Every structure is written in C-alpha cells, then in structure tokens.
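**Student:**
Numbering (UniProt numbering), first residue to last: 1 to 307.
1) Could you please give me the residues that DSSP links to residue 304 through a beta bridge?
2) Going by the CB atoms, is the gap between residue 44 and residue 100 shorter than 8 Å?
3) Count the other C-beta atoms from every protein chain shown that fall within 10 angstroms of the C-beta of residue 15, then say buried if there are 16 or more, exposed otherwise.
4) DSSP beta-bridge partners for residue 224?
5) Assign residue 32 to buried or exposed, taking buried as 16 or more other Cβ atoms, counted over all protein chains shown, within 10 Å of its Cβ.
6) For the beta strand (DSSP E) containing residue 87, list its first residue and its last residue.
7) If you drop the 5 nearest sequence neighbours on each side, which residues of the same chain put their C-beta closer than 8 Å to that of residue 292?
8) Please classify residue 147: does DSSP put it in a helix, a strand, or coil?
9) Considering only residues of the same chain and omitting the five flanking positions on each side of residue 288, which have a CB-CB separation below 8 Å?
10) Between which two residues does the beta strand (DSSP E) carrying residue 66 extend?
11) Identify the continuous alpha helix (DSSP H) that holds residue 288 and give its terminal residues.
12) Mapping the DSSP letters down to three states, classify residue 278 as helix, strand or coil.
13) Could you spell out where the beta strand (DSSP E) holding residue 55 opens and where it closes?
14) Using the Cβ count rule (16 or more neighbours within 10 Å means buried), how would you classify residue 142?
15) Between the region 227 to 237 and the region 58 to 69, do at least 3 Cβ pairs fall closer than 8 Å?
16) Based on Cα-Cα distance, which residue from 222, 263 and 265 lies nearest to residue 275?
17) Evaluate residue 229 with the Cβ neighbour count: other Cβ atoms within 10 Å of its Cβ, from every protein chain shown; 16 or more gives buried, anything less gives exposed.
18) Please determine, among 117, 52, 59 and 107, the residue with the shortest C-alpha to C-alpha distance to residue 78.
19) Quick check on residue 225: buried or exposed, where buried means 16 or more other Cβ atoms within 10 Å of its Cβ?
20) Starting from residue 23, trace the alpha helix (DSSP H) both ways and give me its first and last residue.
21) So is the beta-carbon of residue 296 under 7 Å away from any non-hydrogen atom of the ligand MG?
22) Are residue 5 and residue 55 closer than 8 Å when you measure CB to CB?
23) Please name the residue or residues paired with residue 206 in a DSSP beta bridge.
24) Using DSSP bridges, identify the partner residues of residue 270.
25) Taking Cβ positions, are residue 260 and residue 148 nearer each other than 8 Å?
26) Indicate whether residue 12 and residue 138 have their beta-carbon atoms separated by less than 8 Å.
27) Rounded to a whole number of angstroms, what is the C-alpha to C-alpha distance between residue 267 and residue 231?
28) Pick out whichever of 307, 298, 269 and 302 has its Cα sitting closest to the Cα of residue 124.
29) Within this structure, are the beta carbons of residue 122 and residue 29 separated by less than 8 Å?
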C-alpha cells in the first residue's frame, strides 16, 4: 500500500490512539471510556514504554490500526508477549492491515526471544476469532477470573482471618520451591508490590506464600491497562497440591481484599485483579475463586508459539 508503514507510536500520535481506543471499546464491548482517564493512560504509556508500547499502521501519516504490546515474564517459559487493544478502523478492514501488524509484532517477539504470544478476546467477537485462528493462533484451556474495579466490580468475600503473605523473586529458588509445592518467607507482599524496581522492569515472576504455613499461593505479574489508566495485577500458576487446604481460600481472600481496598498502595493505582486458571489442571481452583467471590470473565485466550 502506497505510503504505508508500521511504526512504534510516539507522542504526536496520542490523540488518534485515544480516539481509536474509544471506538474499539464501544464496538467490542459497548463500553464508554472516560476520555480523561484514557488520555492520561496513553500519555503514561508513551512516557513509560516498559509497561507497553503501540505498533501503529499508517498510510500517508494517518493511523488506521494499532496493537498494544505488553509483556509477561514467566519463570517456567520466560517471556510471553501479549497483544492488547487490537484495532483496525472499519473503513480499512479486509485489506490485510492486521496481518501486517501481526507479522511485525511476531518479529519483535522473536527478536526478544519470547516463548510465545497471547491475547484475550471477547466470546462474541467472532470475526476477530476467525482472524486469529487463520493466522495460526490456538485457543487455550485457560480462563480468567477477575475483579475489575472500573467496569464490573465484584464483592470479594472476607473469610475472616488475617494472613500475611510473602514473596520471593529468585528464579532458581522459585523453580526448586515450585517442585516441592512449598515456599519460603521472603519480603512482605505489601512491601514487595510497592518496590519501584518491580514496576519499572516487570522482568521477574514473584512467588506468593503464606508466612505461617509456607503454602504456595501462586505467582503474579503486572500489566498497565490503557482503558482503566492503572495497573491490573495478574496472578497465575497456582499449585494444585495446595488447593485442598482450606486456609488457601482465606489467604487469597485476605490478599485480594488488601489490594482492592487500597491497603496496598501503588503508583499507578491498581484498577483490577485477574487470576489466570488453566482448566486442564482441574476445577478445584475455580471453585475456590467462586467461594471468594471472583467472577469468570467473558474472554477466550489464544496462544501462538514463537518461531
């Protein structure tokens, strides 16, 4: 296409990025975004690319498509690159624009030695699903349980017992402890989540345990949400051997309540909690999350292994 190129978005692209996020949110989920918050979010991302950056498709310096790249660091598989805020303007669809951005995204992921790429997509977004599957992405058995503080807040049930959680980020130590289904006492979660290193680098997986029993709860990573102008904390890789212990629900509810009620303070502010559940490992974790009060999201997750 004459005069077309794929770029990494810069400050001068801010207004069009904001505009397209509004269009995407309404078209895909009938959400009306707060313009002030989205504008602040885009400004923050453009100034802090460690949280994510936009690939944009341009023709003659006009933007007609965008993808937000964010990163997850997993101690098992290493880096995973996530597709976020995928959008092509209506009058430019069916022209291969997404395919071009996708190829550029995959080149970047391969250069970064990413283990794979992931995205989550609305159940009802059939056209997008067809595109992803045509490009070779495979639907996983994972699902998301969440408390979205901005759009769909839920009441996380307080099970009535204070539990102090601990974290550690030493990779070898984590691998050894994960094999045992136990953990060690590290730094207090409240303190750990405030550490600027974690926010600025987001290169470590963090293990979460209960200090008295040393039971492993899981791992977490941090994502910045352009729709919400704040952090989403993702918890994942919960160890199934601990699910049968009743105290696990208590630990999780206590930890999530601390986050939701801002007893753990972060900058940027936490705007949601997501827990990634692999259904192939059984339904016990899902049952625990329902006891706590979290709700299953309306997304499928798709994955593709990097070249």
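We put the CB at the ideal spot given by N, CA and C, even for glycine. These numbers come from a predicted model, not from an experiment.
**Tutor:** According to the structure shown:
1) As a working mapping, residue 304 is identified with position 304 in the chain shown. DSSP lists 117 as partners of residue 304.
2) The residue given as residue 100 occupies position 100 in the chain shown. The residue given as residue 44 occupies position 44 in the chain shown. No, the pair does not count as a contact, with Cβ atoms beyond the cut-off.
3) In the chain shown, the residue the question calls residue 15 occupies position 15. Under this definition residue 15 is an exposed residue.
4) Position 224 of the chain shown, counted from the first residue, corresponds to residue 224. Paired residue(s): 231.
5) Taking the chain shown and counting its residues from 1, the one referred to as residue 32 is at position 32. By the neighbour-count rule (16 or more Cβ atoms within 10 Å), residue 32 is not buried but exposed.
6) Position 87 of the chain shown, counted from the first residue, corresponds to residue 87. Start and end: 78 to 88.
7) Start at 1 with the first residue of the chain shown, and residue 292 comes out as number 292. Answer for residue 292: 156, 157, 159, 249, 252, 253 and 256, listed in chain order.
8) Taking the chain shown and counting its residues from 1, the one referred to as residue 147 is at position 147. Here residue 147 sits in strand by DSSP.
9) Along the chain shown, read from residue 1 onward, the residue named residue 288 stands at position 288. Result list for residue 288: 243, 248, 249 and 252, in chain order.
10) One-based indexing of the chain shown puts residue 66 at position 66. Looking at the DSSP string, the run of the beta strand (DSSP E) that includes residue 66 is 62 to 74.
11) Within the chain shown, residue 288 is the residue found at index 288, counting from 1. From DSSP, the alpha helix (DSSP H) with residue 288 extends over 284 to 292.
12) As a first step, residue 278 is located in the chain shown; it is residue number 278 there, counting from the start. Here residue 278 sits in strand by DSSP.
13) Counting from one through the chain shown, the residue named residue 55 turns up at place 55. Looking at the DSSP string, the run of the beta strand (DSSP E) that includes residue 55 is 53 to 59.
14) In the chain shown, residue 142 corresponds to position 142, counting from 1. So residue 142 counts as buried.
15) Counting C-beta pairs closer than 8 Å gives fewer than three between the region 227 to 237 and the region 58 to 69, which falls short of the contact rule.
16) Position 275 of the chain shown holds residue 275. Closest by alpha carbon: 222.
17) In the chain shown, the residue the question calls residue 229 occupies position 229. Flag for residue 229 reads buried.
18) As a working mapping, residue 78 is identified with position 78 in the chain shown. Out of 117, 52, 59 and 107, 117 has the C-alpha closest to the C-alpha of residue 78.
19) Here residue 225 refers to the residue found at position 225 when the chain shown is read from its first residue. The residue is buried, with at least 16 neighbouring Cβ atoms inside 10 Å.
20) By 1-based counting over the chain shown, the position of residue 23 is 23. It spans 14 to 29 - the alpha helix (DSSP H) in which residue 23 sits, taken as one unbroken run.
21) The ligand MG is absent from the structure shown, which contains no ligands of any kind.
22) On the chain shown, residue 5 is found 5 positions in, with the first residue counted as 1. On the chain shown, residue 55 is found 55 positions in, with the first residue counted as 1. No. Outside cutoff.
23) Taking the chain shown and counting its residues from 1, the one referred to as residue 206 is at position 206. DSSP, once it has assigned bridges, lists 220 as partnering residue 206.
24) Counting from 1 along the chain shown, the entry for residue 270 is found at position 270. DSSP output for residue 270 lists 231 as bridge partner(s).
25) One-based indexing of the chain shown puts residue 260 at position 260. One-based indexing of the chain shown puts residue 148 at position 148. At a Cβ-Cβ threshold of 8 Å, residue 260 and residue 148 do not count as neighbours.
26) As a position in the chain shown, residue 12 is number 12, starting the count at 1. As a position in the chain shown, residue 138 is number 138, starting the count at 1. Contact: no.
27) The residue labelled residue 267 in the question sits at position 267 within the chain shown. The residue labelled residue 231 in the question sits at position 231 within the chain shown. Distance between the alpha carbons of residue 267 and residue 231: 8 Å.
28) Stepping through the chain shown from its first residue, residue 124 is reached at position 124. Residue 298 is the option with its Cα nearest to residue 124.
29) On the chain shown, position 122 is the one that residue 122 refers to. On the chain shown, position 29 is the one that residue 29 refers to. For residue 122 and residue 29, yes; Cβs fall inside 8 Å.
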